[in-house]
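Presented below is the structure to which this report refers.
Number of protein chains: 2
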Amino acid sequence: MARVNATPRRRGAARTDELLEVTLELAVEVGYAGLSIEAVARRAGVGKHTIYRRWPSKAALLLDALSRVWTADLNYRGTGDVRADLREQFLRSAPALATTPIGPVYRAVIAEAQSDEALRATLHEMFLANVEQSTLDRITRAQQAGELVPDVDLTFAAEVLCGALYYRGLLSTRPIDEAAVDSLLDMFMAAYGA
Amino acid sequence: MARVNATPRRRGAARTDELLEVTLELAVEVGYAGLSIEAVARRAGVGKHTIYRRWPSKAALLLDALSRVWTADLNYRGTGDVRADLREQFLRSAPALATTPIGPVYRAVIAEAQSDEALRATLHEMFLANVEQSTLDRITRAQQAGELVPDVDLTFAAEVLCGALYYRGLLSTRPIDEAAVDSLLDMFMAAYGA
Chain A
1 MARVNATPRR RGAARTDELL EVTLELAVEV GYAGLSIEAV ARRAGVGKHT
51 IYRRWPSKAA LLLDALSRVW TADLNYRGTG DVRADLREQF LRSAPALATT
101 PIGPVYRAVI AEAQSDEALR ATLHEMFLAN VEQSTLDRIT RAQQAGELVP
151 DVDLTFAAEV LCGALYYRGL LSTRPIDEAA VDSLLDMFMA AYGA
Chain B
1 MARVNATPRR RGAARTDELL EVTLELAVEV GYAGLSIEAV ARRAGVGKHT
51 IYRRWPSKAA LLLDALSRVW TADLNYRGTG DVRADLREQF LRSAPALATT
101 PIGPVYRAVI AEAQSDEALR ATLHEMFLAN VEQSTLDRIT RAQQAGELVP
151 DVDLTFAAEV LCGALYYRGL LSTRPIDEAA VDSLLDMFMA AYGA
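Heads up: the sequence lines are chains A and B, in that order. For the first sequence, the UniProt record's numbering assigns the number 1 to the initial residue and increments by one for each residue that follows. For the second sequence, the UniProt record's numbering assigns the number 1 to the initial residue and increments by one for each residue that follows.
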């Protein structure tokens with residue numbers, strides 16, 4: 001039974017991958033404003049209800065597509081040295097906003113979210129909450145390992161780490177470079193290093 | 001001589017105030033995308049060159065208008081208690097992004113800056129750099145007064161403080177409330193408190 005069921009399930013996953021790939025491809029071509037679920041359906045050769053069944057809006061679809069590309073960025077290394085792992089992670093994910101072709105699409109979603117509160121909620125729920133959570137998981141493990149001070153809630157610290165990088169990426173012309181990441185980690189370790 | 005010259009200078013300042021007021025009024029009515037220097041000139045009853053002589057672009061004009069409204073937000077109190085002063089300042093300026101009618105206009109500039117690198121530079125230079133600098137000035141005074149650890153460059157810390165608040169204001173649906181500000185200041189004081 002398991003093998004019989006495995007085939008459609010694999011097909012479903014392949015179909016999802018394909019839809020997300022088409023979404024990103026189209027978003028890069030026409031921009032966020034020009035993207036539509038209808039156009040994705042047309043290019044993928046499926047009915048639009050196939051897409052609506054899985055994703056309630058083009059924002060949700062695109063954010064899922066971005067998450068898929070950036071999954072690696074959510075996986076912190078666990079070398080046992082929290083500062084080194086954060087540093088590696090931040091420098092690796094820093095180009096997300098700056099690098100074409102996906103950076104401009106991601107920026108466009110963020111821009112659109114400034115006048116659309118529901119999209120802002122979707123953006124946070126589907127993407128940024130995961131970024132914050134993966135950071136929180138890594139520093140919580142460091143806390144359990146005795147690298148960071150015990151008995152401190154690190155939830156907001158994880159948000160501050162993400163926030164400092166996004167602020168620089170979105171509102172400054174200075175790059176997220178080694179100096180910036182090192183300064184941020186100096187502050188974090190000064191606050192919470194054991 | 002001083003009195004003779006004072007009148008035109010006062011008139012110039014009044015004219016500047018009036019132009020910035022008209023700019024904000026119009027921006028609130030038509031949004032950032034609909035705003036133009038021509039429309040500001042028309043409503044203010046001046047030639048558009050009068051405006052272009054002072055401001056190179058509508059973004060520069062609008063950012064100057066926003067700065068004027070928010071000047072109070074850039075003036076930290078100096079009670080001698082740096083944590084209290086930062087707290088008061090952050091909670092006072094928090095509604096900037098959330099409050100109508102100006103919040104949406106400011107968000108629209110930030111949104112537009114996501115696809116316009118020159119505007120991003122102007123936004124940072126004309127507005128955010130001042131926000132960061134006023135924070136840096138306040139914490140540097142605290143450092144000189146012995147409230148914070150000596151011999152640490154606090155430039156990036158000032159950026160992190162601003163960045164954490166902007167991240168929450170722009171990319172999250174959670175409010176910049178007392179709990180958030182207190183958590184941010186816990187982290188800052190844990191890192192740099194003397």
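Every residue gets a Cβ at the ideal spot worked out from N, C-alpha and C, and that includes glycine.
Inset, instruction - Quick one: grab the DSSP three-state call for B/Leu74. - result: helix
Legend entry - Chain-ordered chain B contacts of A/Val160 [CB-CB under 7 Å]: Val160, Ala164, Leu184, Met187
Legend entry - Span separating the alpha-carbon of A/Asn130 from that of A/Arg77: 16 Å
Legend entry - Under 8 Å from the C-beta of A/Arg173: neighbouring residues of chain B: Per the sequence presented here, residue 173 of chain A reads as Thr, with Arg not at that position. The answer, in chain order, is Glu117, Arg120, Ala121, His124.
Legend entry - 8 Å CB neighbourhood of B/Ala41 in its chain, flanking five on each side removed: Gly47, Lys48, Thr50, Ile51
Legend entry - CA nearest to the CA of B/Ala44, picked from B/Ser57, B/Val22, B/Ser67, B/Ala65: B/Val22
Inset, instruction - Report the neighbours of A/Gln133 on chain B: residues whose CB is nearer than 7 Å to its CB, in chain order. - result: Going along chain B, no residue has its Cβ under 7 Å from A/Gln133, so there is no contact; the nearest lies around 13 Å.
Legend entry - Simplified DSSP state of A/Gly146, which is helix, strand or coil: coil
Legend entry - Closest by C-alpha distance to residue 195 of chain B, when choosing among A/Leu185, A/Leu184, A/Glu159: Residue numbering for chain B in the displayed model covers 1 to 194; residue 195 of chain B lies beyond these limits and cannot be assessed.
Legend entry - Sufficient close CB pairs (3 or more, under 8 Å) joining the region 127-144 of chain A to the region 113-132 of chain B: no
Inset, instruction - Give a yes or no on whether 8 Å exceeds the smallest Cβ distance from residue 195 of chain A to chain B. - result: What the structure shows of chain A is the stretch from 1 to 194, and residue 195 of chain A is not part of that stretch, so it cannot be assessed.
Legend entry - Beta-carbon gap between B/Tyr166 and A/Tyr167 smaller than 8 Å: yes
Legend entry - Buried versus exposed, by CB contacts within 10 Å (16 or more), A/Gly146: exposed
Legend entry - A/Gly45 (DSSP reduced to helix, strand or coil): coil
Inset, instruction - Starting from the C-beta of B/Leu24, find all residues in its chain whose C-beta is less than 6 Å away, skip the five residues before and the five after it, and write them out in chain order. - result: Ala65
Inset, instruction - Could you tell me whether any Cβ in chain A is nearer than 8 Å to the Cβ of B/Pro104? - result: yes
Inset, instruction - Let me know the secondary structure DSSP gives B/Gly163 once reduced to three states. - result: helix
Inset, instruction - Check whether the Cβ atoms of A/Val190 and A/Val105 sit closer than 8 Å, and answer yes or no. - result: The sequence as given places Ala at residue 190 of chain A; Val does not occur at that position. Cβ distance not < 8 Å, so A/Ala190 and A/Val105 don't count as in contact.
Legend entry - Near the ligand COA: A/Ser115 beta-carbon under 7 Å from a heavy atom: Absent from the structure shown: the ligand COA. Ligands present: none.
Legend entry - Residue-level contact to chain B via CB, A/Ile51, 8 Å cutoff: no
Inset, instruction - Determine the extent of the alpha helix (DSSP H) in which B/Gly103 is found, giving its start and end residues. - result: 102-113
Inset, instruction - Say whether chain A places a C-beta atom closer than 8 Å to the C-beta of B/Arg107. - result: yes
Legend entry - Cutoff 8 Å: B/Ile176 Cβ touching any chain A Cβ: no
Legend entry - Partner residues on chain B for A/Tyr76, Cβ-Cβ distance less than 7 Å: Near A/Tyr76 there are no residues of chain B at all, since even the closest Cβ is about 19 Å away, more than 7 Å.
Inset, instruction - Tell me, please, whether the region 85-99 of chain B touches the region 93-101 of chain A by the rule of three or more beta-carbon pairs shorter than 8 Å. - result: no
Inset, instruction - Give the secondary structure of B/Gly169 by DSSP, where H, G and I count as helix, E and B as strand, and everything else as coil. - result: helix
Inset, instruction - Check B/Gly80 in the structure and name its three-state DSSP category. - result: coil
Inset, instruction - Pair every Cβ in the region 177-188 of chain B with every Cβ in the region 106-122 of chain B, then say whether three or more of these pairs are closer than 8 Å. - result: no
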